[in-house]
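Numbering (full-length UniProt numbering), first residue to last: 1 to 254. Every residue, glycine too, gets a C-beta built ideally from N, C-alpha and C. Below is one structure, written out as structure tokens; comments come after it.
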């Protein structure tokens with residue numbers, strides 16, 4: 001059974017949408033707690049939680065006696081350094097190539113639970129159920145994410161399989177790029193500078209589809225990096241990078 005996104009998260013998402021669309025600009029006041037509570041049909045306590053979390057994420061600034069304002073944020077530089085496999089291979093003087101397996105637009109009713117949680121997106125059915133606005137209900141089937149799948153090669157041998165999802169509102173021209181030439185990470189950093197991110201690395205047995213792309217036997221060991229990165233308080237991209245276990249290693253300096 002599909003879980004409904006909590007009311008405070010819906011309020012956060014709506015505020016962030018207004019900021020990203022330009023309706024609420026940096027330094028300007030947003031709607032009052034009372035107005036937001038009335039708009040969403042919730043208590044002021046619920047609204048307060050949404051505003052508190054966005055303030056802690058440095059998206060909003062709460063001024064006692066004055067109201068809540070969009071924080072002044074200067075994204076002139078990328079705050080998160082995201083290395084990509086193209087950089088690593090070229091630095092190691094290895095020949096690098098990328099092959100795009102597929103690109104597609106995804107609507108809310110196509111999302112699985114993981115992607116819906118990552119991006120804070122409700123299903124088309126959920127949007128229609130709690131919305132009294134016909135325009136909102138009708139837009140529930142609109143594109144919300146872009147998906148690309150890419151095989152990365154080192155000296156002609158597949159070394160990484162990338163599955164990436166990108167917020168379509170924040171990077172509307174993403175799907176139009178030729179990612180056999182343009183690197184996904186480089187493009188996203190240029191279009192939507194990142195403020196923070198998180199990642200995990202796990203050893204997993206390769207499912208049949210992944211094994212085919214990496215040209216390894218099914219159930220062979222792989223290293224899977226899962227990473228999500230944020231811009232202005234929202235997840236802009238989530239990626240799974242599958243690496244053939246005997247061809248790749250993660251390394252760095254402490």
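List the whole-angstrom C-beta distance separating residue 61 from residue 71, where the pair is believed to meet the contact cut-off of C-beta under 8 Å.
-> Within the chain shown, the letter at position 61 stands for residue 61. Within the chain shown, the letter at position 71 stands for residue 71. Sure, about 5 Å apart at Cβ, within 8 Å.
Could you tell me the distance, in whole angstroms, from the CA atom of residue 111 to the CA atom of residue 208?
-> Here residue 111 refers to the residue found at position 111 when the chain shown is read from its first residue. Here residue 208 refers to the residue found at position 208 when the chain shown is read from its first residue. Distance between the alpha carbons of residue 111 and residue 208: 22 Å.
Could you have a look at residue 161 and say whether DSSP puts it in helix, strand or coil?
-> For this step, residue 161 is matched to residue 161 along the chain shown. Residue state, collapsed to three classes: strand.
What does a CB cutoff of less than 8 Å around residue 203 pick up in its chain, not counting 5 residues either side in sequence?
-> Translated into positions along the chain shown, residue 203 becomes position 203. Only 221, 222, 223, 224, 245 meet the Cβ criterion.
DSSP beta-bridge partners of residue 149 = For the purposes of this step, residue 149 is taken as the residue at position 149 of the chain shown. Partner(s): 102, 163.
Which of the three DSSP states, helix, strand or coil, is assigned to residue 201?
-> In the chain shown, counting from the first residue as 1, residue 201 sits at position 201. Strand at residue 201.
Beta strand (DSSP E) containing residue 14: first to last residue?
-> Within the chain shown, numbered from 1, the residue matching residue 14 stands at position 14. Per DSSP, residue 14 belongs to no beta strand (DSSP E); it is in the alpha helix (DSSP H), 7 to 21.
For residue 201, count neighbouring C-beta atoms within 10 Å of its own C-beta (all shown protein chains included) and say buried if the count is 16 or more, exposed if not.
-> Looking up residue 201 in the chain shown gives position 201. Answer is exposed; the Cβ neighbour count stays below 16.
Same chain, Cβ closer than 7 Å to residue 104, neighbours up to 5 away in sequence not counted | Sequence index remark: in the chain shown, residue 104 carries index 104 (1-based). Same-chain partners within the cutoff: 147.
Is it true that the region 113 to 120 meets the region 85 to 92, where meeting means three or more beta-carbon pairs spaced less than 8 Å apart?
-> no
Give the C-beta separation of residue 171 and residue 192 to the nearest angstrom, bearing in mind that I take them to be a contact with Cβ-Cβ under 8 Å.
-> Walking along the chain shown from the start, residue 171 turns up at place 171. Walking along the chain shown from the start, residue 192 turns up at place 192. Yes, they are in contact, since the Cβ atoms of residue 171 and residue 192 sit about 6 Å apart, within 8 Å.
Three-state secondary structure (DSSP) at residue 29?
-> If you number the chain shown from 1, residue 29 lands on position 29. The answer is strand: DSSP assigns residue 29 an E or B state.
For residue 74, three-class secondary structure by DSSP = Here residue 74 refers to the residue found at position 74 when the chain shown is read from its first residue. At residue 74, the pLDDT of 46 sits below 50, so the modelled position is not reliable; the number obtained from the coordinates is stated separately. Three-state result, residue 74: coil.
Can you name the residues that DSSP bridges to residue 174?
-> Sequence index remark: in the chain shown, residue 174 carries index 174 (1-based). DSSP output for residue 174 lists no bridge partner at all.
Apply the 10 Å Cβ neighbour rule to residue 64 and answer buried if 16 or more other Cβ atoms are within range, or exposed otherwise.
-> Within the chain shown, the letter at position 64 stands for residue 64. The residue is exposed, with fewer than 16 neighbouring Cβ atoms inside 10 Å.
Where residue 231 falls: helix, strand or coil (DSSP) = As a first step, residue 231 must be located in the chain shown, where it is residue number 231. Here residue 231 sits in strand by DSSP.
If you check the beta carbons only, do residue 234 and residue 167 fall under 8 Å apart?
-> Residue mapping note: residue 234 aligns to position 234 of the chain shown, counting from 1. Residue mapping note: residue 167 aligns to position 167 of the chain shown, counting from 1. Against a cut-off of 8 Å, the Cβ pair of residue 167 and residue 234 comes out as a contact.
Evaluate residue 305 with the Cβ neighbour count: other Cβ atoms within 10 Å of its Cβ, from every protein chain shown; 16 or more gives buried, anything less gives exposed.
-> No statement about residue 305 is possible, as the shown extent of the chain runs from 1 to 254 and does not include it.
Please say whether residue 196 and residue 230 have beta carbons closer to each other than 8 Å?
-> Residue numbering aside, residue 230 sits at position 230 when the chain shown is read from its first letter. Residue numbering aside, residue 196 sits at position 196 when the chain shown is read from its first letter. Yes, they are a contact pair.
Residue 211 versus 57, 31, 242, residue with shortest Cα-Cα distance = Taking the chain shown and counting its residues from 1, one reaches residue 211 at position 211. That would be 242, whose Cα lies nearest to the Cα of residue 211.
What do you reckon, is the C-beta of residue 222 under 7 Å from a heavy atom of the ligand GTP?
-> Absence of the ligand GTP is noted for the structure shown, with no ligands found whatsoever.
Would you report the Cα separation of residue 154 and residue 52, rounded to the nearest angstrom?
-> Counting from one through the chain shown, the residue named residue 154 turns up at place 154. Counting from one through the chain shown, the residue named residue 52 turns up at place 52. Using only the alpha carbons, I get a separation of about 46 Å.
For residue 61, which three-state DSSP category applies?
-> The residue you call residue 61 lines up with position 61 of the chain shown. Note: residue 61 maps to strand in three-state DSSP.
Spatial neighbours of residue 150 in its chain, beta-carbon cut-off 6 Å, leaving aside the 5 residues before and after | Position 150 of the chain shown, counting from 1, holds the residue named residue 150. Counting only Cβ-Cβ distances below 6 Å, and skipping sequence neighbours, we find 98, 100, 162, 179.
Answer yes or no: do residue 239 and residue 227 have a C-beta to C-beta separation smaller than 8 Å?
-> Within the chain shown, the letter at position 239 stands for residue 239. Within the chain shown, the letter at position 227 stands for residue 227. Cβ distance < 8 Å, so residue 239 and residue 227 count as in contact.
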